[in-house]
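> Below is a structure I'd like to ask you about.
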Amino acid sequence: MLPDFTHHIVRDLAWVAFAPPLLDGSTLPSRDPLKDSIWRTEPEQLLHRLQQLDAKPEQLPELFPNSRDRRLGNYYERLWHALLKLSPDVAIVAHNIALREAGRTLGELDLVIRAANGEITHLELAIKFYMGRPELQQPGCSRECSNTSLWWGPDPSDQLALKVQRLIQHQLPLVKQLEALQPAQYPQELPKPTCSATWLQGFLFQSAAQNMPPACGQTTRRGAQLWCHRKEVVALLPSNSRWIAIPHKEWLMPPKLPAASELLKPEQMEQVFANARAQQAVMFARVAAPDNYQPLHADRLICVADDWPA
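In this text, residue positions in the sequence shown follow our numbering: the first is 52, and each later residue adds one.
Rendered as structure tokens:
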């Protein structure tokens with residue numbers, strides 16, 4: 052059980068550090084940025100460092116400077132940058148390197164690190180939230196896992212299959228082109244990566260109305276992750292369940308436990324929907340037992356507009 056960190060950035064650093072990946076290595080190459088680090092072999096050292104930061108958050112502006120880019124994906128990448136700056140045995144070599152050739156943009160390397168074992172590694176980082184669509188399954192399908200094409204994001208154009216395809220076919224092979232590029236595109240003084248991998252985190256949400264097999268390659272995790280349309284919450288959720296609304300674009304570590312009077316019943320979720328944009332996805336964390344609330348492992352619910360995925 053994680054300590055109850057106070058500062059919201061430290062809470063999110065803890066989520067990034069301890070949440071499992073979205074997919075295992077069977078779907079695409081995957082590598083934990085902290086693999087082989089002492090923080091993995093002795094996680095209490097990582098917790099201690101986060102507790103120090105929580106007690107003295109004045110160190111945060113240097114580790115985590117403000118950015119005009121408010122996208123969740125950018126925030127997630129910067130959390131990893133901060134975490135690796137704190138790491139005793141993993142170092143950032145470079146990040147967000149745009150590769151161009153003859154005026155044409157080839158792509159961008161998210162992160163290059165010197166891993167704990169000394170290997171120079173290129174990593175593609177992403178935070179993603181996808182919802183399973185059981186109605187798209189072929190009739191009579193009895194597979195143990197479901198095709199990644201059946202998992203769609205709040206933006207229907209963002210689909211797990213397309214993300215995996217782009218990573219495998221475009222992003223990961225970029226390092227193979229480094230030798231052919233002019234030095235200005237990848238500075239000569241920087242060591243070149245010897246391998247490429249991904250690190251995706253986030254959630255794959257099952258339909259609350261109809262179950263389906265997990266996505267192929269999906270990592271097993273604690274807690275339930277469900278989705279439904281806004282109009283379905285009262286019909287699909289247990290009437291005695293209690294929930295915390297997670298503010299938009301703060302979808303990593305759920306908030307601290309509020310007063311009992313502030314917990315939401317399913318019929319009270321309409322208050323949250325009323326304050327959200329019409330097409331905005333809204334996320335909640337369940338409080339099953341207030342005296343044993345564990346934000347990292349809490350059940351989650353994501354509610355989408357009633358006409359999603361239109």
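We put the beta carbon where it would ideally sit given N, CA and C, even for glycine.
Between Gln102 and Gln188, what straight-line distance do the alpha-carbon atoms span, to the nearest angstrom?
Here the question's residue 102 lines up with position 51 in the sequence shown. Here the question's residue 188 lines up with position 137 in the sequence shown. The alpha-carbon atoms of Gln102 and Gln188 are separated by roughly 46 Å.
> With DSSP run on the structure shown, which of helix, strand or coil describes Gln368?
Beyond the ends of the chain as shown, which are 52 and 361, falls residue 368; an answer cannot be given.
> In whole angstroms, what is the alpha-carbon distance linking Gln239 and Leu229?
One-based indexing of the sequence shown puts residue 239 at position 188. One-based indexing of the sequence shown puts residue 229 at position 178. If I take the Cα positions, the gap works out to 10 Å.
> In the DSSP assignment, what residue or residues form a beta bridge with Ile164?
Locating residue 164 in the sequence shown gives position 113, where the first residue counts as 1. Note: Ile164 sits in a beta bridge opposite Ile143 and Thr172.
> Do three or more CB pairs link the segment 345-353 to the segment 56-72 at distances below 8 Å?
Touching, yes.
> Which whole-angstrom value is the C-beta distance of Ala356 and Arg281, which I expect to be below 8 Å?
Within the sequence shown, the letter at position 305 stands for residue 356. Within the sequence shown, the letter at position 230 stands for residue 281. 7 Å between Cβ atoms; contact.
> Pick out whichever of Ile353, Leu308, Lys214 and Leu213 has its Cα sitting closest to the Cα of Gln330.
One-based indexing of the sequence shown puts residue 330 at position 279. If we check each option's Cα against that of Gln330, Ile353 comes out closest.
> Got a sec? Which residues, its chain only, sit under 7 Å from Ala311 by beta carbon, not counting five neighbours each side?
Mapped onto the sequence shown, residue 311 falls at position 260. For Ala311, where only same-chain residues beyond five positions count, the Cβ hits under 7 Å are Pro341.
> Can you pull the DSSP bridge partners for Lys307?
Here residue 307 corresponds to residue number 256 of the sequence shown, with the count starting at 1. Answer by DSSP bridge pairing: none, since Lys307 is not bridged.
> Tell me whether Glu113 sits in a helix, a strand or coil according to DSSP, three-state version.
In the sequence shown, counting from the first residue as 1, residue 113 sits at position 62. Looking at Glu113 - three-state DSSP - the assignment turns out to be helix.
> With DSSP collapsed to three states, give me the class of Glu159.
In the sequence shown, the residue the question calls residue 159 occupies position 108. Residue state, collapsed to three classes: strand.
> Where do the ends of the beta strand (DSSP E) carrying Trp278 lie?
Here the question's residue 278 lines up with position 227 in the sequence shown. Start and end: Gln276 to His280.
> Can you pull the DSSP bridge partners for Thr245?
Your numbering for residue 245 matches position 194 in the sequence shown. Thr245 pairs with nothing; no bridge assigned.
> Confirm, please, whether the CB-CB distance from Leu277 to Gln261 is below 7 Å.
For the purposes of this step, residue 261 is taken as residue 210 along the sequence shown, with counting starting at 1. For the purposes of this step, residue 277 is taken as residue 226 along the sequence shown, with counting starting at 1. Not closer than 7 Å, so no.
> What did DSSP end up calling Gly183 once you bin it into helix, strand or coil?
For the purposes of this step, residue 183 is identified with residue 132 of the sequence shown, where counting begins at 1. Gly183: strand per DSSP, three-state reduction.
> For Val333, which option in Gln222, Pro224, Tyr237 and Pro205 has the closest C-alpha, if you only look at C-alpha atoms?
Position 282 of the sequence shown holds residue 333. Residue Pro205 is the option with its Cα nearest to Val333.
> Using the C-alpha atoms, what's the distance from His58 back to Lys107?
Position 56 of the sequence shown, counted from the first residue, corresponds to residue 107. Position 7 of the sequence shown, counted from the first residue, corresponds to residue 58. For Lys107 and His58, the distance between alpha carbons rounds to 10 Å.
> Is the beta carbon of Arg82 less than 7 Å from the beta carbon of Ala248?
To locate residue 82, count along the sequence shown from 1; it is residue 31. To locate residue 248, count along the sequence shown from 1; it is residue 197. For Arg82 and Ala248, yes; Cβs fall inside 7 Å.
> Select from Ile164, Met52, Pro139 and Arg155 the residue whose C-alpha is nearest the C-alpha of Leu241.
Looking up residue 241 in the sequence shown gives position 190. Looking at the Cα atoms, Ile164 is the closest of the given residues.
> Is it buried or exposed, Thr78, if we count other Cβ atoms within 10 angstroms and call 16 or more buried?
As a first step, residue 78 is located in the sequence shown; it is residue number 27 there, counting from the start. So Thr78 counts as buried.
> For Leu53, which residues of its own chain have a beta-carbon under 6 Å away from its beta-carbon, when the five flanking residues on both sides are left out?
Residue mapping note: residue 53 aligns to position 2 of the sequence shown, counting from 1. Correct list, in chain order: Ala65 and Leu347.
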